[in-house]
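Undergrad:
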Amino acid sequence: MPPSSSSSLRPPLLLPLLLLLVLPRCGAAGCGDRFLTGQRDFVLDAKASVLGGAALLGTVYVQSEDECRDVCCGESRCNLALVLPGTAEAENRTCDLFNCIYRNSFVCSFVNQAGYLSLIREPVFKKYLGEPLRRGKQVLPIANAEIVDYSWKLERGDVNVTIEDTDLPDQKNISNLLPGVYVFKLTVTDSNDQTDSDTVEVLVLNPEQSGLYCLTPMKAGPCRAAFPRWYYNSSNGMCQHFAFGGCKPNKNNYLSNEECMAACRGVTATSERSISVSTSAVCDSTCHPDQLVCNSSCCLDRSLECDGVKHCSDGADEAYCNKLNQTFSRLMSIDVDPKKAQCTQSPHTGPCRASHTRWFYDPVRNKCYTFTYGGCDANDNNFEKEEKCSNACDGVTNSSVFSVPMFERYGSRDGDGEDDEDGEDDEDGNSSGQVALAVILSVAILALLAVMTYCILKARRKRTHQPVATSPAMVALSEPDTSVYNSTTKPV
Numbered sequence: 015m016p017p018s019s020s021s022s023l024r025p026p027l028l029l030p031l032l033l034l035l036v037l038p039r040c041g042a043a044g045c046g047d048r049f050l051t052g053q054r055d056f057v058l059d060a061k062a063s064v065l066g067g068a069a070l071l072g073t074v075y076v077q078s079e080d081e082c083r084d085v086c087c088g089e090s091r092c093n094l095a096l097v098l099p100g101t102a103e104a105e106n107r108t109c110d111l112f113n114c115i116y117r118n119s120f121v122c123s124f125v126n127q128a129g130y131l132s133l134i135r136e137p138v139f140k141k142y143l144g145e146p147l148r149r150g151k152q153v154l155p156i157a158n159a160e161i162v163d164y165s166w167k168l169e170r171g172d173v174n175v176t177i178e179d180t181d182l183p184d185q186k187n188i189s190n191l192l193p194g195v196y197v198f199k200l201t202v203t204d205s206n207d208q209t210d211s212d213t214v215e216v217l218v219l220n221p222e223q224s225g226l227y228c229l230t231p232m233k234a235g236p237c238r239a240a241f242p243r244w245y246y247n248s249s250n251g252m253c254q255h256f257a258f259g260g261c262k263p264n265k266n267n268y269l270s271n272e273e274c275m276a277a278c279r280g281v282t283a284t285s286e287r288s289i290s291v292s293t294s295a296v297c298d299s300t301c302h303p304d305q306l307v308c309n310s311s312c313c314l315d316r317s318l319e320c321d322g323v324k325h326c327s328d329g330a331d332e333a334y335c336n337k338l339n340q341t342f343s344r345l346m347s348i349d350v351d352p353k354k355a356q357c358t359q360s361p362h363t364g365p366c367r368a369s370h371t372r373w374f375y376d377p378v379r380n381k382c383y384t385f386t387y388g389g390c391d392a393n394d395n396n397f398e399k400e401e402k403c404s405n406a407c408d409g410v411t412n413s414s415v416f417s418v419p420m421f422e423r424y425g426s427r428d429g430d431g432e433d434d435e436d437g438e439d440d441e442d443g444n445s446s447g448q449v450a451l452a453v454i455l456s457v458a459i460l461a462l463l464a465v466m467t468y469c470i471l472k473a474r475r476k477r478t479h480q481p482v483a484t485s486p487a488m489v490a491l492s493e494p495d496t497s498v499y500n501s502t503t504k505p506v
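Residue 15 is where the sequence shown starts when you use the working numbering, and the numbers rise one by one after that.
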């Protein structure tokens with residue numbers, strides 16, 4: 015992409031982060047987070063979850079559910095722990111750790127399986143799986159939404175950032191961004207004067223960080239599944255398809271060619287971003303979440319784990335790699351009923367701006383309802399005709415639903431008011447749904463705020479004849495729910 019000083023906001027790109035790690039058993043001293051128990055006898059659908067962006071963080075052996083919870087609590091990226099079947103007194107029960115949040119969405123899927131139990135961080139459970147926090151039911155968005163105002167506000171970050179209007183009311187041009195963290199808040203108002211808001215966190219990477227996403231070699235990983243992924247080949251400036259094994263990726267790993275090219279277009283091995291990650295452990299420093307602790311007190315970038323090269327003198331980066339495929343294969347081999355998996359997915363509008371009327375199956379009410387589909391990133395519970403929806407999902411009930419409140423959030427669409435609270439009518443509910451839709455779509459657009467960072471930095475250099483600082487303090491963020499951008503072309 016040729017240099018410019020600003021860029022319009024576009025639908026979000028996804029950063030694949032599947033970090034599989036066998037963790038040492040450890041307690042959670044100082045971790046005060048509460049965990050809630052998910053519905054028993056449900057197991058995580060590993061294939062669907064990983065395809066959606068979930069990350070398997072590790073596997074440990076524990077003696078109790080409490081110990082599994084404590085291990086997850088002590089891992090900052092873990093928000094769900096899956097305990098495998100076993101008696102309460104059984105030794106060496108398996109505890110699998112997951113990050114289920116990807117781009118501010120809960121992407122883990124579940125299917126019936128006796129004996130399994132999930133433990134979920136309370137804030138995550140309440141936000142994504144529990145009862146809705148807003149007054150009344152959240153009605154699915156409808157096509158004739160009348161949003162009258164979109165308001166963007168910088169909540170945190172460099173105050174010199176410039177936000178300019180575009181031809182579209184819900185999009186802005188952003189410039190003057192520097193490496194670091196930004197938090198933006200969008201508030202939308204509809205014609206009934208109802209409002210809703212949401213925030214997005216943006217991390218603009220410095221050259222050393224962003225080099226990881228475009229300049230590292232392709233890595234299939236030690237596991238033996240076959241997920242379609244893309245990597246950027248800096249020698250020819252193109253993104254190429256490869257089969258990702260399912261665990262231990264590096265950061266040059268994308269869900270689509272479009273994501274990959276948007277992130278790395280124009281990058282070459284001799285560009286200013288060719289600051290590669292150290293392949294040696296750095297000692298006597300504090301390790302951040304993207305680093306592995308080796309030699310007791312040294313830090314190594316996790317992208318170097320299981321690459322076939324021993325980087326830690328104690329071999330910690332390669333010690334468990336041969337066992338990872340067995341762990342991942344166990345999760346992948348769990349029998350999944352495709353009908354139940356399809357028909358228990360909550361309706362998904364998607365980030366695109368089109369307006370297509372589609373049908374989804376509600377297993378709580380055993381009926382199909384309409385919703386507005388944006389035109390991209392559909393899940394499988396998306397049908398063009400009511401008849402197809404009913405035939406495909408006939409017989410699926412709420413006994414196959416991991417979180418009933420995920421469907422109860424949408425209330426009744428029959429118009430009989432049987433599920434409405436406080437006698438609120440459908441018109442008010444629809445307005446609420448319209449506002450929610452606008453927030454979802456517009457925040458999705460905002461997730462690409464920093465695409466022009468390189469152009470801005472170059473423009474500043476031209477104006478000041480001084481290099482821009484490119485080594486801000488590292489910020490420990492959870493990457494799957496943070497918009498991450500490189501410092502030259504596009505966000506990853």
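C-beta: ideal position from N, C-alpha, C; glycine also. The structure presented is a predicted model; accordingly, all values stated were derived computationally and were not measured.
Using beta-carbon positions only, say whether Met420 and Ser369 come within less than 8 Å of one another.
TA: For Met420 and Ser369, no; Cβs fall outside 8 Å.
Undergrad: Using the rule of at least 16 other Cβ atoms within 10 Å of the residue's Cβ for burial, across every protein chain shown, is Val350 buried or exposed?
TA: So Val350 counts as buried.
Undergrad: Check Lys265 in the structure and name its three-state DSSP category.
TA: Note: Lys265 maps to coil in three-state DSSP.
Undergrad: What number of angstroms, rounded off, separates the C-alpha of Arg279 from the C-alpha of Arg243?
TA: C-alpha separation (whole angstroms): 17 Å.
Undergrad: Where Tyr116 and Ser327 are concerned, what is the direct C-alpha to C-alpha distance, given to the nearest angstrom?
TA: Cα-Cα distance, rounded: 34 Å.
Undergrad: Taking 8 Å as the limit between beta carbons, can you name the residues of its chain near Cys274, skipping five residues before and five after?
TA: Excluding positions up to five away in sequence, the list reads Trp244, Tyr245, Tyr246, Cys253, Tyr268.
Undergrad: Determine the contact status of Cys382 and Trp373, defining contact as a CB-CB distance below 8 Å.
TA: A contact, by the Cβ cut-off of 8 Å.
Undergrad: Report the three-state DSSP secondary structure of Met252 (helix, strand or coil).
TA: DSSP places Met252 in strand when its eight states are reduced to three.
Undergrad: Between Ser123 and the rest of its own chain, which residues show a CB-CB distance below 6 Å, the 5 nearest in sequence each way excluded?
TA: Around Ser123: Asp59, Ala62, Ser63.
Undergrad: Please list, in chain order, all residues of the same chain as Val197 whose beta carbon is under 8 Å from its beta carbon, the five residues on each side excluded.
TA: Contacts found: Leu168, Glu169, Arg170, Gly171, Thr213, Val214, Glu215, Val216.
Undergrad: Suppose you measure from the CA of Ser294 to the CA of Asp315; what does that come to, to the nearest Å?
TA: Approximately 9 Å between the Cα atoms of the pair.
Undergrad: How long is the line joining the alpha carbons of Ser417 and Asp298, rounded to whole angstroms?
TA: So the two alpha carbons sit approximately 45 Å from each other.
Undergrad: Does the distance from the CB of Cys109 to the CB of Val74 come in under 8 Å?
TA: A contact, by the Cβ cut-off of 8 Å.
Undergrad: Run the CB neighbour count on Arg48, radius 10 Å, all protein chains shown included, and call it buried at 16 or more, exposed below.
TA: Its Cβ having fewer than 16 others within 10 Å, Arg48 is exposed.
Undergrad: Is the beta carbon of Ala392 sitting closer than 8 Å to the one on His362?
TA: Cβ distance < 8 Å, so Ala392 and His362 count as in contact.
Undergrad: What do you reckon, are the CB atoms on Leu133 and Cys82 nearer than 8 Å?
TA: It is a contact, given that the beta carbons lie within the stated cut-off.
Undergrad: If you draw a straight line from the C-alpha of Arg128 to the C-alpha of Asn93, how long is it?
TA: Here residue 128 is Ala; the residue named in the question, Arg, does not match the sequence. Whole-angstrom Cα-Cα distance: 22 Å.
Undergrad: Hey, how far is the Cα of Thr176 from the Cα of Thr209?
TA: Computed Cα separation, rounded: 25 Å.
Undergrad: Which residues share a DSSP beta bridge with Leu314?
TA: BP columns for Leu314 point to Leu306.
Undergrad: Helix, strand or coil: which one does DSSP assign to Leu592?
TA: Residue 592 lies beyond the residue range present for the chain, which begins at 15 and ends at 506; the question has no answer from this structure.
Undergrad: From Cys320 to Lys399, what distance separates their C-alpha atoms?
TA: Straight-line Cα distance between these residues: approximately 47 Å.
Undergrad: Ordered along the chain, which non-local residues of its own chain (more than five positions away) have a Cβ less than 7 Å from that of Gly259?
TA: Cβ within range, chain order: Ala234, Gly235, Pro236, Cys237, Arg238, Ala239.
Undergrad: In whole angstroms, what separates the C-alpha of Thr282 from that of His255?
TA: Each residue's Cα considered, the two are about 18 Å apart.
Undergrad: Cβ atoms of Asn395 and Gln340: under 8 Å apart, would you say?
TA: Cβ atoms of Gln340 and Asn395: not closer than 8 Å.
Undergrad: Check each candidate in Glu272, Phe397, Thr358 and name the one with the smallest Cα separation from Gly409.
TA: Checked all of Glu272, Phe397, Thr358; the closest Cα to Gly409 is Thr358.
Undergrad: Measuring CA to CA, which of Val57, Asp55, Arg135 is closest to Val85?
TA: Comparing Cα-Cα distances from Val85 to each of Val57, Asp55, Arg135, the minimum goes to Arg135.
Undergrad: Which one of Trp166, Glu160, Asp304 has the shortest CA to CA distance from Asn264?
TA: Measuring from the Cα of Asn264, the nearest candidate turns out to be Asp304.
Undergrad: Per DSSP, which residues does Asn247 bridge with? Please list them.
TA: Partner(s): Met252.
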